[in-house]
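When we follow the numbering used here, the leftmost residue of the sequence shown carries the number 901, and every step to the right adds one. Notes for the one structure printed next.
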Amino acid sequence: MLFGALEAGGTKMVLAVGNENGEIMERVSIPTETPSITIPKIIDYFKGKKIAALGIASFGPVDLDKKSKTYGYITSTPKLAWVNFDLVGNIKNALSVPIGFDTDVNGSALGEATWGSTKGIDSSIYITIGTGVGVGVYQNGRLLHGMLHPEGGHVLLSKHPEDNFEGVCPYHPNCLEGLASGPSIEKRWGKKAIELKDEPKVWELEAYYIAQALVDYILTLSPHRIILGGGVMHQEQLFPLIRSKVTELLNGYVRTSQINDIGNYIVPAALNDNQGIMGCIQLAKMELQNQ
Ligand code: ADP
Ligand code: ZN
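Here is the structure:
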């Protein structure tokens, strides 16, 4: 059986077709322009592919409340052409297949929970540190929504006493995304993150902020495992720095076998940057099963 996958990002859309095992048969990537340009391209791609259902994991914020009149909409995004755009409705009208829908980072959390680093684990979180910072929460075998959806990229942190950087988030002077996203690294240090590989101070400060957020997630969500993904986490030297800072900040308060084995608790993604698209396949499968 074939399923469609649409990873809708603020800069690009990845469109793919895969099977029920998460194997991707074909994919293309197109730039995210305005809905009137981009949506017809998406519809053209999936028309004639014989997909049984489509899964969409989208940038947001998005409306995930199936009882809401604006379910399936992108809501208050800074990408103005997409504000209050009915993403699911427009595609569903054209393709007439069941559509599973969630946030981009929940899609990655689901892909990893189904086939990757958190397979077989019923509560986990996936954090992407990239252009933005997002947190996907998989809780008791399902993605966590709630009032909106978790916006863990904007948790507020204590500034490092020697860090005078004002952050890049327009809403918060001291949130995780503002202080630790790829663009914040670039703005603070004046070079792209990848060019700062051999600057230990950069990664120590980065770990200082990421670890604070992880401690908050550990204490509030109690995940069995945490995945760190996204472009910035390609800097693998961050993992040991973050693990040791988390241990230091928890200060012996949480004593579980997982925390004692922190190398297997805070881990990279396992699906080679396919976790998002594979998560979309799983969203499609789940939607078909729910019909
Ligand atoms: P997006 O968040 O836009 O989907 P990415 O997860 O690739 O995409 O994140 C892009 C951000 O990650 C950019 O700010 C970029 O500077 C940073 N980045 C990408 N690759 C690396 C790398 N190898 N090392 C450090 N930073 C990286
Ligand atoms: Zn913020």
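Where a beta carbon is used, it is the ideal one built from N, C-alpha and C, also for glycine.
Taking the C-alpha atoms as reference points, what is the distance between residue i and residue j?
i            : j            : result
residue 905  : residue 924  : 9 Å
residue 1148 : residue 1142 : 10 Å
residue 1036 : residue 1009 : 5 Å
residue 1154 : residue 1162 : 12 Å
residue 1072 : residue 980  : 20 Å
residue 912  : residue 1089 : 26 Å
residue 1100 : residue 1138 : 10 Å
residue 1040 : residue 1013 : 11 Å
residue 1092 : residue 967  : 43 Å
residue 973  : residue 901  : 28 Å
residue 1031 : residue 1069 : 11 Å
residue 1064 : residue 1074 : 11 Å
residue 1181 : residue 1062 : 45 Å
residue 1007 : residue 1095 : 29 Å
residue 1189 : residue 1152 : 43 Å
residue 881  : residue 1157 : Residue 881 is absent from the structure shown; the chain starts at 901 and stops at 1191.
residue 1020 : residue 976  : 35 Å
residue 1059 : residue 1140 : 21 Å
residue 942  : residue 985  : 15 Å
residue 945  : residue 1038 : 30 Å
residue 969  : residue 962  : 12 Å
residue 1165 : residue 959  : 27 Å
residue 1111 : residue 1051 : 17 Å
residue 1098 : residue 1106 : 14 Å
residue 988  : residue 1187 : 13 Å
residue 930  : residue 1174 : 16 Å
residue 1087 : residue 1160 : 36 Å
residue 1011 : residue 978  : 26 Å
residue 1191 : residue 971  : 17 Å
residue 1104 : residue 1042 : 34 Å
Report yes if the C-beta distance between residue i and residue j is below 8 Å; otherwise report no.
i            : j            : result
residue 957  : residue 1129 : no
residue 954  : residue 999  : yes
residue 1055 : residue 1113 : yes
residue 907  : residue 1176 : yes
residue 932  : residue 910  : yes
residue 935  : residue 982  : yes
Roughly how far, in whole angstroms, is the beta-carbon of residue i from the beta-carbon of residue j, given that I think they are within contact range, below 8 Å?
i            : j            : result
residue 1150 : residue 1115 : 6 Å
residue 922  : residue 1015 : 5 Å
residue 1034 : residue 1053 : 5 Å
residue 1001 : residue 964  : 7 Å
residue 1145 : residue 1108 : 6 Å
residue 1017 : residue 1184 : At roughly 21 Å, the Cβ-Cβ gap does not stay under 8 Å, so residue 1017 and residue 1184 are not in contact.
residue 1028 : residue 1005 : 5 Å
TODO: Would you check if there are 3 or more beta carbon pairs closer than 8 Å linking the region 1045 to 1053 to the region 1125 to 1140?
DONE: no
Task: Three or more C-beta pairs below 8 Å linking the region 1078 to 1086 and the region 988 to 1000 - done: no
Open item on the list: If contact is defined by three or more beta carbon pairs under 8 Å, each pair taking one atom from either stretch, is the region 942 to 949 in contact with the region 913 to 930?
Closed with: yes
Task: Whole alpha helix (DSSP H) elements within the region 1094 to 1178, 4-residue minimum - done: 1100 to 1121, 1138 to 1150 and 1157 to 1160
- [ ] Answer yes if the region 1024 to 1036 comes into contact with the region 1114 to 1129, meaning at least three C-beta pairs across the two stretches below 8 Å, and no otherwise.
- [x] yes
Open item on the list: Report the start-end ranges of each beta strand (DSSP E) in the region 978 to 1048 that is 3 residues or longer and not cut off at the edges.
Closed with: 999 to 1003, 1024 to 1029 and 1033 to 1039
Task: Ordered list of beta strand (DSSP E) runs contained in the region 957 to 981, each at least 3 residues - done: none
TODO: Output the residue ranges of the alpha helix (DSSP H) runs that lie fully inside the region 906 to 946 and measure 4 residues or longer, sorted by chain position.
DONE: 935 to 946
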